[in-house]
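Trainee:
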Amino acid sequence: MTTKPASKAALTASTLDFLRDLVENNHREWFQANRNRYDAAKTELCGVVERVLVGMSEFEPLAKTAVKDCIFRINRDIRFSKDKAPYKSNLAFAIGPGGRHSGRIDYYVQIQPGNQSFLGAGMWQPTPTNLAKFRQEVDYNVDELKEIIEADEFKAYFPEASGEVMKTSPKGYSADHPEIELLRRKELFFIHRYSDKDVLKPNFADELIRGCRIIKPYCDFLNYLFFDEKEEPVTL
Numbered sequence: 000m001t002t003k004p005a006s007k008a009a010l011t012a013s014t015l016d017f018l019r020d021l022v023e024n025n026h027r028e029w030f031q032a033n034r035n036r037y038d039a040a041k042t043e044l045c046g047v048v049e050r051v052l053v054g055m056s057e058f059e060p061l062a063k064t065a066v067k068d069c070i071f072r073i074n075r076d077i078r079f080s081k082d083k084a085p086y087k088s089n090l091a092f093a094i095g096p097g098g099r100h101s102g103r104i105d106y107y108v109q110i111q112p113g114n115q116s117f118l119g120a121g122m123w124q125p126t127p128t129n130l131a132k133f134r135q136e137v138d139y140n141v142d143e144l145k146e147i148i149e150a151d152e153f154k155a156y157f158p159e160a161s162g163e164v165m166k167t168s169p170k171g172y173s174a175d176h177p178e179i180e181l182l183r184r185k186e187l188f189f190i191h192r193y194s195d196k197d198v199l200k201p202n203f204a205d206e207l208i209r210g211c212r213i214i215k216p217y218c219d220f221l222n223y224l225f226f227d228e229k230e231e232p233v234t235l
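Here it is as structure tokens:
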């Protein structure tokens with residue numbers, strides 16, 4: 000009798016152990032001595048990303064998106080940082096058309112031990128133009144957005160809204176506006192957190208797919224608003 004091999008689309012405890020050890024030994028000499036452990040962790044991550052891409056292709060246009068284009072480098076950019084630790088303490092990837100540099104609202108996954116792993120998506124560091132579009136949509140036609148983010152399934156899976164919020168009202172909007180809480184938001188990014196136990200489950204990739212499917216309407220809403228909506232011609 001043969002034992003069925005472990006799923007290639009799953010993470011193991013060794014990956015989380017590597018990340019924990021990296022936090023305690025964040026320097027080039029240790030990393031190079033443990034390069035085989037990083038390579039093994041990255042291979043596991045690639046398996047998860049591949050499974051997520053296949054599953055999400057049922058509802059996202061990802062046909063030309065390669066696994067390698069989705070995964071972020073573990074090296075940190077320390078040129079302008081006071082923290083000179085050369086490596087990130089997590090593994091991360093983003094799913095969008097063409098990978099992590101799609102230029103659109105995509106789906107971000109971060110794997111970090113200590114129950115800090117999460118799936119997130121939404122408006123993060125928008126350009127002034129896109130933020131203005133968001134506020135105008137909230138002012139003129141908030142119903143579509145609220146229908147998405149206040150749906151029971153959405154709120155149950157993404158209970159946490161992250162991002163910067165203004166303390167005062169944005170220019171052009173009164174403090175008593177009925178949607179002032181949304182208008183004050185400079186970012187509106189939703190997160191679902193996973194415990195280490197969740198991350199190590201054989202079906203973790205499928206759970207990520209489920210989460211992406213739930214938050215897809217919000218991503219679609221923003222992508223249309225920021226990138227796809229055609230400007231109405233001005234008539235004189």
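Under numbering that gives the first Met the number 0, residues 0 to 235 are what the sequence shown spells out, in order.
Cβ coordinates follow ideal geometry from the N, Cα and C atoms, glycine included.
1. I need the DSSP call for V53, collapsed to helix, strand or coil.
2. Are the region 186-205 and the region 22-33 touching by the rule of at least three beta carbon pairs closer than 8 Å?
3. Below 8 Å, how does it come out for the region 47-58 and the region 18-29: are there three or more Cβ pairs, yes or no?
4. Please name the residue in N25, Y223, P127 and C218 whose C-alpha comes closest to that of I77.
5. My guess is that F220 and I147 are in contact by the Cβ rule of under 8 Å, so how many angstroms apart are they, rounded?
6. Let's see if you can read the secondary structure: which residues bound the alpha helix (DSSP H) around E206?
7. Is it the case that the Cβ atoms of A40 and T14 are separated by a distance below 8 Å?
8. Start and end of the beta strand (DSSP E) containing A120?
9. Distance check for A120 and Y106, CA to CA, integer angstroms please.
10. Please classify V164 as buried or exposed, where buried requires at least 16 other C-beta atoms within 10 Å of its C-beta.
11. If I measure Cβ to Cβ from R36 and keep anything under 6 Å in the same chain, skipping five residues before and after, which residues do I get?
12. Near D195, which residues of its chain fall below 8 Å by C-beta distance, leaving aside the five closest residues on each side in sequence?
13. Do the CB positions of I213 and E149 come within less than 8 Å of each other?
14. Identify which residue in P125, E228 and L10 has its Cα closest to the Cα of G102.
15. Note down the Cα distance separating A174 from C218, rounded to an integer number of angstroms.
16. Pick out whichever of T11, I179 and L224 has its Cα sitting closest to the Cα of P169.
Mentor: Looking at the coordinates:
1. Here V53 sits in helix by DSSP.
2. No, they do not touch.
3. Not touching, per the Cβ criterion.
4. Considering only alpha carbons, the answer is N25.
5. Their Cβ separation, rounded to whole angstroms, is 6 Å, which keeps F220 and I147 in contact under 8 Å.
6. Taken as a continuous stretch (DSSP letters only), the alpha helix (DSSP H) holding E206 covers F203 to N222.
7. A40 is a Cβ neighbour of T14, given a cutoff of 8 Å.
8. Annotation: the continuous beta strand (DSSP E) that includes A120 extends over S116 to M122.
9. If you take the alpha carbons of Y106 and A120, they lie about 5 Å apart.
10. Flag for V164 reads exposed.
11. Contacts found: F17.
12. If we look at D195 and ignore the five residues flanking it on each side, its Cβ neighbours are L15, P112, G113, N114 and S116.
13. For I213 and E149, no; Cβs fall outside 8 Å.
14. Here the closest residue by C-alpha is P125.
15. Going by the C-alpha atoms only, they are around 28 Å apart.
16. Here the closest residue by C-alpha is I179.
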